[in-house]
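Under the numbering used here, the letters of the sequence shown match residues 1 to 128, in that order.
Every residue gets a Cβ at the ideal spot worked out from N, C-alpha and C, and that includes glycine.
Okay, so here's the structure we're looking at.
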Amino acid sequence: MVEMKNPIKEADANPGVNHLSMWRTDLAYYWVINCEGRLQDDMHYHDNDDHIFMLLEGECTIRTPHKEFVLKQFDTVLLQSGEPYQLCNTGTGRMLLLGAGNSGVDGKPRTRVPKIPSHIPVTDPIVA
C-alpha cells in the first residue's frame, strides 16, 4: 500500500471530526486529533499501545503523573504502553496532533483505560 494524505488538509475537510483516522495497517494506526481551543481529555493509558504524537498546529501540553511537556510546532513525544497521560489544548485556537501507534499486539485490539474518553475545558493539573 502506498497512499499519500495531508493531515492538515484532511482536518480542514472534516472540521467536526475530533479523532480523524488517517491510515490503518496490520501493524500500525495513524490518526489526527483535531481539538478546539482550551479543551483537554482525561488522564488515561493504553495497555498494549505505544503512542507517538507530533504537534502540527496550535498549542499542546501533555501531562503525565510526574511531569508536563509543552509542545511547540513539530515537537514529537513518545508515550510507552502503560504510561498515563492527558492531552491538553492550552491555546485558544485549533490543535492538530498527528498520532501513531500500534494497530494491536498479538491479535489483541488496542486498549484504552478508561474506555470512554472525556473532553472538558482545560483546568490546572491536580497535584497528588
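Could you tell me which residues DSSP puts in a beta bridge with H46? Note: H46 sits in no beta bridge, so no partner.
Which listed residue (T61, P121, R110 and D75) has its alpha carbon closest to that of D49: Checked all of T61, P121, R110 and D75; the closest Cα to D49 is R110.
Please confirm if the segment 73-89 is in contact with the segment 47-62, defined as three or more CB-CB distances below 8 Å between the two stretches. Output reads yes: the segment 47-62 touches the segment 73-89.
Quick test of your reading: Q40 and V122, contact by CB under 8 Å. State the CB separation rounded to the nearest angstrom. So it is a contact: roughly 5 Å between Cβ atoms.
Could you check if V70 is buried or exposed, using at least 16 other CB atoms within 10 Å of its CB as the buried criterion? Exposed, since its Cβ has fewer than 16 Cβ neighbours within 10 Å.
Host alpha helix (DSSP H) of Y10 (start-end): Sequence check: residue 10 is Glu here, not Tyr. Segment P7 to A13, the alpha helix (DSSP H) holding E10.
For A128, which of helix, strand or coil comes out of DSSP? No answer about A128 holds up, because its pLDDT of 46 lies below 50 and its placement is not dependable.
Please determine if the segment 76-87 and the segment 1-17 are in contact, where contact requires at least 3 C-beta pairs separated by less than 8 Å. Three or more Cβ pairs closer than 8 Å define a contact, and the segment 76-87 falls short of that threshold against the segment 1-17.
Tell me whether L78 is buried or exposed, calling it buried when 16 or more other Cβ atoms sit within 10 Å of its Cβ. That one is exposed.
Tell me, please, which residues DSSP counts as bridged to T76. T76 is bridged to M54.
Straight-line gap, A128 to M1 (C-alpha atoms, nearest Å): Bear in mind that the predicted position of A128 carries a pLDDT of just 46, short of 50, making it unreliable; the figure below should be weighed with that in mind. Here the C-alpha atom of A128 lies approximately 46 Å from the C-alpha atom of M1.
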